[in-house]
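*Asks:*
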Amino acid sequence: MSAQSIVSLYSGTIPNSIATNLQESTTTLANGGVRVSNVVQPTLQVFRPAKEKANGTAVIICPGGGYVRLSMDHEGTDVAKRLNEMGVTAFVLKYRLPNDQSQPDKTTAPLMDAQQALRLVRQQATVYGINPNRVGIMGFSAGGHLAATAGTHFTTPVGDPKDNTSVRPDFLVLLYPVISFTDSLAHAGSRKSLLGDTPPAAQINLYSNEQQVTAQTPPTFLVHAADDKTVKVQNSLRFYEACLRANVPVEMHLYPKGGHGFGMNNKTTKDNWTERLQNWLDANGWLVK
């Protein structure tokens, strides 16, 4: 099943953008994987479940790629189809990647797009047959950093919102997420892409999301492999601990092996984390019609 529709995030001028001859590029890998870079026009790909399955819950998916590219298939469209099987309406977010050429403030461009996606999905709730109070956000790797940022930076939205639609996700699903930008834990590439070579300490702190968790942070589901060499498992551990301290409901699944970027299929185990996710969504009432 392919996306039923592709929706532009913004009608009219895209905020925090400058006219540029930057061209979006799409690469298809030998294994059929799709990678997109230089996103200029952010969009949502809409995947709707069969009518008889639909339960009114929606998830916005943020693919990973180090804030340099987007892994659109195994951390995007493939996941959307799996969510459809659970009766969940899925939206794959093609968000702008930080770029000084096309954005006056590259540090806020991805978050601006994630918040606009939350706004748009809620505003169009009746169109998509979803409950505006059941809109979660999910992210992989750097997309996990974006989702975690959306889940901890919603009290003062970035940009100049035209309306007061809530940009607080109702739940977070974070897969081998980049969480912290502290020197000991940061995925250096993601931090450099978003904040530049020498970010000030206050900015590192602001985007180290384990330090931004409050009692208002949405319920969270985490998955990570202990042998992840790209994004240390401590990123998930610190977020988990921060949720515990703030009394935020949190569930975490750690695998001894699996490395980084396994998408839906950690080949080192027969366990399937998407089944754990389904159980968690069910336990929290998000799969009830």
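Numbering (UniProt numbering), first residue to last: 1 to 289. Note that CB positions come from ideal geometry on N, CA and C, so glycine has one too. Please read these numbers as outputs of a predicted model, since none were measured by experiment.
Run through the segment 53-128 for me and flag every whole beta strand (DSSP E) of 3 or more residues, listed as ranges in chain order.
*Replies:* For the segment 53-128, the full-length beta strand (DSSP E) segments reaching 3 residues or more read 58-62, 69-71, 89-94 along the chain.
*Asks:* Please classify Met1: is it buried, with 16 or more other beta-carbons within 10 angstroms of its beta-carbon, or exposed?
*Replies:* For the purposes of this step, residue 1 is taken as the residue at position 1 of the sequence shown. Legend: pLDDT at Met1 = 45, less than 50; position of this residue unreliable, value from coordinates given subsequently. Answer is exposed; the Cβ neighbour count stays below 16.
*Asks:* Tell me whether Ile179 is buried or exposed, calling it buried when 16 or more other Cβ atoms sit within 10 Å of its Cβ.
*Replies:* Taking the first residue of the sequence shown as 1, we reach residue 179 at position 179. It counts as buried.
*Asks:* Express the C-alpha separation of His260 and Thr230 in angstroms, rounding to a whole number.
*Replies:* As a working note, residue 230 is residue 230 in the sequence shown. As a working note, residue 260 is residue 260 in the sequence shown. So the two alpha carbons sit approximately 6 Å from each other.
*Asks:* Once you ignore the five residues that flank Glu251 on each side, which residues in its own chain have a CB closer than 6 Å to its CB?
*Replies:* Here residue 251 is taken as the residue at index 251 of the sequence shown, counted from 1. Contacts found: Phe221, Trp280.
*Asks:* On the DSSP bridge assignment, give the partners of Ala225 in chain order.
*Replies:* Locating residue 225 in the sequence shown gives position 225, counting from the first residue. DSSP lists Tyr255 as partners of Ala225.
*Asks:* What are the uninterrupted segments assigned as alpha helix (DSSP H) that are 4 or more residues long and contained completely in the segment 186-251, given in chain order?
*Replies:* 188-195, 201-206, 234-245
*Asks:* State the Cα-Cα distance for the pair Glu52 and Glu75, rounded to the nearest angstrom.
*Replies:* In the sequence shown, counting from the first residue as 1, residue 52 sits at position 52. In the sequence shown, counting from the first residue as 1, residue 75 sits at position 75. Whole-angstrom Cα-Cα distance: 26 Å.
*Asks:* Hey, could you find the ends of the beta strand (DSSP E) Gly139 is sitting in?
*Replies:* In the sequence shown, residue 139 corresponds to position 139, counting from 1. It spans 135-140 - the beta strand (DSSP E) in which Gly139 sits, taken as one unbroken run.
*Asks:* From Ala246 to Lys106, what does the alpha carbon distance come to, in whole angstroms?
*Replies:* Mapped onto the sequence shown, residue 246 falls at position 246. Mapped onto the sequence shown, residue 106 falls at position 106. Their backbone Cα atoms lie some 30 Å apart in a straight line.
*Asks:* Answer with buried or exposed for Gly12, where buried requires no fewer than 16 other C-beta atoms within 10 angstroms of its C-beta.
*Replies:* Locating residue 12 in the sequence shown gives position 12, counting from the first residue. Gly12 comes out exposed.
*Asks:* Could you tell me which residues DSSP puts in a beta bridge with Phe47?
*Replies:* Counted from its first residue, the sequence shown places residue 47 at position 47. Per DSSP, Ala90.
*Asks:* Considering only the beta carbon of each residue, do Val39 and Tyr95 sit closer than 9 Å?
*Replies:* Taking the first residue of the sequence shown as position 1, residue 39 is located at position 39. Taking the first residue of the sequence shown as position 1, residue 95 is located at position 95. Contact: yes.
*Asks:* Do you know offhand how far Asp197's Cα is from Thr89's?
*Replies:* The residue given as residue 197 occupies position 197 in the sequence shown. The residue given as residue 89 occupies position 89 in the sequence shown. So the two alpha carbons sit approximately 38 Å from each other.
*Asks:* Under 8 Å by Cβ, that's how I've got Asp170 and Pro218 pegged, so tell me the actual separation to the nearest angstrom.
*Replies:* Along the sequence shown, one-based indexing puts residue 170 at 170. Along the sequence shown, one-based indexing puts residue 218 at 218. With 8 Å as the limit, Asp170 and Pro218 qualify as a contact, their Cβ atoms being about 6 Å apart.
*Asks:* Taking Thr43 as the reference, which of Gly65, Asn55, Tyr10, Arg238 has the closest Cα?
*Replies:* By 1-based counting over the sequence shown, the position of residue 43 is 43. When each option's Cα is compared against that of Thr43, the closest is Tyr10.
*Asks:* Ala19 to Asp100, Cα distance in whole Å?
*Replies:* Looking up residue 19 in the sequence shown gives position 19. Looking up residue 100 in the sequence shown gives position 100. Going from the Cα of Ala19 to the Cα of Asp100 covers about 12 Å.
*Asks:* Using DSSP with H/G/I as helix, E/B as strand and the rest coil, what is Leu287?
*Replies:* For the purposes of this step, residue 287 is taken as residue 287 along the sequence shown, with counting starting at 1. Under the three-state reduction of DSSP output, Leu287 falls in the coil class, being neither helix nor strand.
*Asks:* Please report the distance separating the alpha-carbon of Lys162 from that of Ala114.
*Replies:* Walking along the sequence shown from the start, residue 162 turns up at place 162. Walking along the sequence shown from the start, residue 114 turns up at place 114. Cα to Cα, the separation comes out at about 15 Å.
*Asks:* Taking the CB atoms as reference points, tell me whether Ile137 and Leu118 lie closer together than 9 Å.
*Replies:* Numbered from its first residue, the sequence shown carries residue 137 at position 137. Numbered from its first residue, the sequence shown carries residue 118 at position 118. Their beta carbons are under 9 Å apart, which means Ile137 touches Leu118 by this criterion.
*Asks:* Is the number of C-beta pairs between the segment 254-268 and the segment 190-209 that are closer than 8 Å three or more?
*Replies:* no
*Asks:* Given a cut-off of 9 Å on the beta-carbon distance, is the pair Gly87 and Thr57 in contact?
*Replies:* Residue 87 sits at position 87 when you count from the first residue of the sequence shown. Residue 57 sits at position 57 when you count from the first residue of the sequence shown. Against a cut-off of 9 Å, the Cβ pair of Thr57 and Gly87 comes out as a contact.
*Asks:* What is the DSSP secondary structure of Arg35, counted as helix, strand or coil?
*Replies:* In the sequence shown, the residue the question calls residue 35 occupies position 35. It is a strand residue.
*Asks:* I'd like to know whether the C-beta atoms of Val158 and Ile60 end up nearer to each other than 9 Å.
*Replies:* Working through the sequence shown from its first residue, we reach residue 158 at position 158. Working through the sequence shown from its first residue, we reach residue 60 at position 60. No, these two residues do not count as a Cβ contact at 9 Å.
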